[in-house]
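Worksheet: the structure to be examined is printed underneath.
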Amino acid sequence: MMEGKSALFKAFGGLDSIPIVLDTKNPDEIVETLVRLRPSFGAVSLEDISAPRCFEIERRVVDALDCPVMHDDQHGTAIVVLAALLGASTLLDRDMAKLRVVISGAGAAGVACANLLLANGISDITVLDSSGILHPSRDDMNSVKAELAQRTNPAGRTGGMVEALEGADVFLGVSAGVVPEDLIATMAPDGIVFALSNPDPEIHPDVAAKYAAVVATGRSDFPNQINNVLAFPGFSGARWTRAPAGSPRR
1 MMEGKSALFK AFGGLDSIPI VLDTKNPDEI VETLVRLRPS FGAVSLEDIS
51 APRCFEIERR VVDALDCPVM HDDQHGTAIV VLAALLGAST LLDRDMAKLR
101 VVISGAGAAG VACANLLLAN GISDITVLDS SGILHPSRDD MNSVKAELAQ
151 RTNPAGRTGG MVEALEGADV FLGVSAGVVP EDLIATMAPD GIVFALSNPD
201 PEIHPDVAAK YAAVVATGRS DFPNQINNVL AFPGFSGARW TRAPAGSPRR
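Per the UniProt record's numbering, residue 1 is the first one in the sequence shown, and the count goes up by one each step.
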């Protein structure tokens, strides 16, 4: 997989890259290794580091290195989701800032998507993990989820997917799990459904299309694929401009 990603970086971003796989999950060891490798490389793309470990590692690597750093599972996903949502909003003549967004998944991708959408003016975002809607009164969340709960869910919703999806404009799925058709049917008219889990989307696009005006998945064999590779040219631009880290602003 890492070799294939290197080939895609070359094809779409013009970047020569070397896949390096580390036999450790220890944040200190990962950060130290990247600091020692920095003189040989002009940028770092992190891959497949689980949450919440990935947030600490990325923050420490960004602080330690004077080069662009991207955690693809976070920022690659968030960038292409934002771009797709901008396109869908334009197509439907909707004000993106006024959309009510539901994000299924509070791991690396879900947290990064929520942060980038917040930074770009969307204020009504509800995030769910396996235990339900993130809200400040929950006492079973890690520090990353707890912090996100303070900045999302302005209506103070509690419960699960049933409560979250009713009347929502956008469903963004970045975590494995099936969303029943009857729940998608409760969304607002002309909704937007991004069912990005692989290999099985949260809901089949043909079913989602019965209720939503715009439907996308993470698979290349379905129409409207949203794929992180679309962000690779931007990472190349960050490299050539010597940007220290990605910006959350459009």
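Glycine included, each C-beta is placed from N, C-alpha and C at the ideal position. Note that the structure is predicted; figures quoted are calculated from it, not measured.
Worksheet item: Given alanine 231, which residues of its chain have a CB within under 7 Å of its CB, disregarding the five upstream and five downstream residues?
Response: Gly76, Ile79 and Val80
Item to complete: Indicate whether at least one CB of chain D lies closer than 8 Å to the CB of aspartate 129.
Response: Included in the structure is just one protein chain, with no chain D present.
Fill in: Simplified DSSP state of glycine 121, which is helix, strand or coil
coil
Worksheet item: Going by C-alpha distance, which of Asp129, Ser17 and Met96 is nearest glycine 105?
Response: Asp129
Item to complete: Mind reading off the beta-carbon distance from leucine 117 to leucine 82? Whole number of angstroms is fine, and I expect it under 8 Å.
Response: 7 Å
Worksheet item: By Cβ distance, which residues of its chain are closer than 6 Å to valine 193, with the 5 residues on each side in sequence left out?
Response: Phe171, Ala208, Ala212 and Val215
Discussion item. Once DSSP output is grouped into helix, strand and coil, what is the label at alanine 213?
Written reply: strand
Fill in: Spatial distance of isoleucine 184 from alanine 149 (CA atoms)
23 Å
Worksheet item: Between the C-alpha atoms of arginine 53 and aspartate 73, what's the straight-line distance to the nearest angstrom?
Response: 13 Å
Discussion item. By the three-class DSSP mapping on this structure, what secondary structure does isoleucine 103 have?
Written reply: If DSSP states are grouped into helix, strand and coil, isoleucine 103 belongs with the strands.
Worksheet item: Among Val178, Val174, Arg151 and Thr152, which has the Cα closest to the Cα of valine 162?
Response: Val178
Discussion item. I need the DSSP call for residue 302, collapsed to helix, strand or coil.
Written reply: This structure cannot settle anything about residue 302, because the visible part of the chain is limited to 1 through 250.
Worksheet item: Looking at C-alpha atoms only, which residue of His204, Gly167, Val174 and Ala176 is the closest neighbour of methionine 187?
Response: For methionine 187, the nearest C-alpha among the options comes from Gly167.
Worksheet item: How many Å lie between serine 175 and serine 40 at the Cα?
Response: 35 Å
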